[in-house]
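Chemist: Take this structure, written in structure tokens, and hold onto it; I'll ask about it next.
There are 2 protein chains.
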Amino acid sequence: MPENSQQEQPRRRQARGERRIAQLLEAAASVFCTTGYTAASTNAIAREAGVSPGTLYQFFPNKEAIAIELGDRLMHEMRETYGEALAPVDPTTPLEEAVGAAVDRFIAFNCDHPVFFALMHGPDIPGRIAEEHDALHATLVSRIEALLASLLPDAPPADVSRTAHVCLGMYKAGLELVLAHEGAERDAYTREIKNVLIRYLEPLVGDRLGTREDTGAATTRTP
Amino acid sequence: MPENSQQEQPRRRQARGERRIAQLLEAAASVFCTTGYTAASTNAIAREAGVSPGTLYQFFPNKEAIAIELGDRLMHEMRETYGEALAPVDPTTPLEEAVGAAVDRFIAFNCDHPVFFALMHGPDIPGRIAEEHDALHATLVSRIEALLASLLPDAPPADVSRTAHVCLGMYKAGLELVLAHEGAERDAYTREIKNVLIRYLEPLVGDRLGTREDTGAATTRTP
DNA sequence: CCAGAATGCGAGCGACCGCTCGCGTTTGTC
DNA sequence: GACAAACGCGAGCGGTCGCTCGCATTCTGG
């Protein structure tokens, strides 16, 4: 066997094909959003895209590949949009600013791409997407850990890691609440999730950074 | 038609039948826990219980009825175990105690009955269970709202309601973290979720109740 | 003891779903 | 214009799943 074992050349595509792929992915995003991954049928995706099931399988080898391609494009767009903006956290940034900026960015992305949440948090996602989600999750946790460690050099690593996991968990729960509302209420929930995180972290780093002085935004009601 | 339109008398059962029902529900709980509701096949439940599919359908009209009966029994046990202990909240109780006790109770119940979480938070649950979940959710939210309103009589109802929803959302996310760990780590996460809630609520009610004096448990590390 | 109800079985029905296959149409290349 | 490759179709294959049906077995009341 002189050539290609396990290989599969990506097949020559015409512009029409690329358009179909984008069309199918858009339809898949819509169907995944409304029914979740497992309940979404490939025939329904094809119907939503206005093509036949056979056409769908011209471009994707199976159902999982659709979700994977969609996930990859979302991940790529996420990295492209926010780039390394979420990589290095300047330890001199006030806590409120750092938390607020990070929350705003991720919430904005999820509001723009609701399928991202559906794919990442469905309990029935295919293995490959779960891996990507775990990788993203681990990346975010270690970013938070690094930030916390720089603020609390004396804290045991186990505590830092636990705190980071709690922060991410609270953020995710808040994201769900935010996505469930719209307009002004959505903004109000966004503020609340920031408050949760800031007040949770404040006692840990409050004696190290001046986050208490007179920012005046820590309490939203009864002003 | 003098009798029974739409009615269905619950059919006379023998002791053997009641035992089979309990056996089937136990098997269903196990299967639902590991695969979720939708992915759980009735044949798998019957196999797990050591009976034939036909026997299963002797006692349950369809798959949804199994989940509903399981949900009803869990709800009943929940009310029986905690009774009205979660109904009236004495407004003079310190915030930390009230939050800590409520969190401990619900976490204990969920640790004892992991299928409860699987049934209530699966995205693919049948309509009836979703209704029960929504009812429980609404009940808990209004309990929290009542407590908050008694502490903050001047706050706008919309803010109180939002804060209650945030509390419950944070608790649920914390529950997921707690269930994902065991032993000492599980206890540590339990403390963290209490901290999240207490610190989130403290600034709102801190000037009304003395929760700040010297309980000394608000911070777990770097003592 | 016996009639009838309750219990138990498991092959299999109908529906759906992921996916294929054969064949016709469009597009790019020389 | 000719040829091959990419595109497009939709009936239908194989498989799973929820659920049924006919029949055998066990229990209960009289």
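Chains A and B are the protein sequences, given in the same order. Going by my numbering, the first sequence opens with residue 1, and the numbers climb by one from there. Going by my numbering, the second sequence opens with residue 1, and the numbers climb by one from there. The beta carbon of each residue, even a glycine, is placed where N, CA and C say it ideally should be.
If you follow the alpha helix (DSSP H) that B:E26 is part of, which residue opens it and which one closes it?
Modeler: Under the DSSP assignment, B:E26 falls in the alpha helix (DSSP H) whose first and last residues are A15 to T35.
Chemist: Which residues, taken in chain order from the region 167–183 of chain B, show a beta carbon closer than 8 Å to some beta carbon of chain A?
Modeler: From the region 167–183 of chain B, only G169, M170, K172, A173, G174, E176 and L177 have a Cβ closer than 8 Å to chain A.
Chemist: Select from B:D72, B:D187, B:R128 and B:I198 the residue whose C-alpha is nearest the C-alpha of A:D159.
Modeler: B:D187
Chemist: Is the CB-CB distance between A:P126 and B:G122 below 8 Å?
Modeler: For A:P126 and B:G122, no; Cβs fall outside 8 Å.
Chemist: When you compare the CB of A:G17 with every CB in chain B, is at least one pair closer than 8 Å?
Modeler: no
Chemist: If I'm right that A:L136 touches A:L70 with Cβ under 8 Å, what's the distance once you round it to whole angstroms?
Modeler: No, A:L136 and A:L70 are not in contact; Cβ-Cβ is about 15 Å, not under 8 Å.
Chemist: Going along the chain, which residues of its own chain have a beta-carbon closer than 7 Å to the beta-carbon of A:A44, five neighbours each way excluded?
Modeler: Excluding residues within five positions, the ones whose Cβ falls inside 7 Å are V31.
Chemist: Within 10 angstroms of the Cβ of B:R16, are there 16 or more other Cβ atoms? Answer buried if so, exposed if not.
Modeler: exposed
Chemist: Nearest-angstrom Cα distance between A:R12 and A:A102?
Modeler: Taking the straight line from one Cα to the other gives about 41 Å.
Chemist: A:E192 CB to nearest chain B CB: under 8 Å?
Modeler: yes
Chemist: Please confirm if B:H273 has its CB atom under 8 Å from at least one CB of chain A.
Modeler: No information on residue 273 of chain B is available, as it lies outside the stretch 1 to 223 that chain B covers here.
Chemist: Measure the alpha-carbon distance for B:R105 versus B:E96 and round it to whole angstroms.
Modeler: 14 Å
Chemist: Let me know if B:R79 comes out buried or exposed under the rule of 16 or more other beta-carbons within 10 Å of its beta-carbon.
Modeler: exposed
Chemist: Let me confirm a value: B:A40 is counted as buried when at least 16 other C-beta atoms fall within 10 Å, else exposed. Which label applies?
Modeler: When all chains shown are included, B:A40 counts as buried.
Chemist: State yes or no: is the C-beta of A:Y171 within less than 8 Å of the C-beta of A:L119?
Modeler: no
Chemist: For the putative contact between B:F109 and B:L179, defined by C-beta atoms under 8 Å, what is the C-beta separation to the nearest angstrom?
Modeler: Contact flag wrong, Cβ pair sits at about 12 Å.
Chemist: Looking at chain B, which residues of the region 112–146 of chain A have a Cβ within less than 8 Å of any of its Cβ atoms?
Modeler: G122, P123 and D124
Chemist: For A:A28, which residues in the same chain have their Cβ closer than 7 Å to its Cβ, ignoring the five residues on either side in sequence?
Modeler: I45, I66 and L70
Chemist: Can you tell me whether B:R19 is buried or exposed? The criterion is at least 16 other CB atoms within 10 Å of its CB, across all chains shown.
Modeler: exposed
Chemist: I think A:L204 touches A:L152, with their Cβ atoms under 8 Å apart; what is that distance to the nearest whole Å?
Modeler: 6 Å
Chemist: Could you spell out where the alpha helix (DSSP H) holding A:R162 opens and where it closes?
Modeler: P157 to L179
Chemist: Classify A:G169 as buried or exposed, calling it buried when 16 or more other Cβ atoms lie within 10 Å of its own Cβ.
Modeler: buried
Chemist: If the cut is a Cβ gap below 7 Å, which residues of chain B does A:R199 touch?
Modeler: R199, Y200 and P203
Chemist: According to DSSP, simplified to helix, strand and coil, what is B:L95?
Modeler: helix
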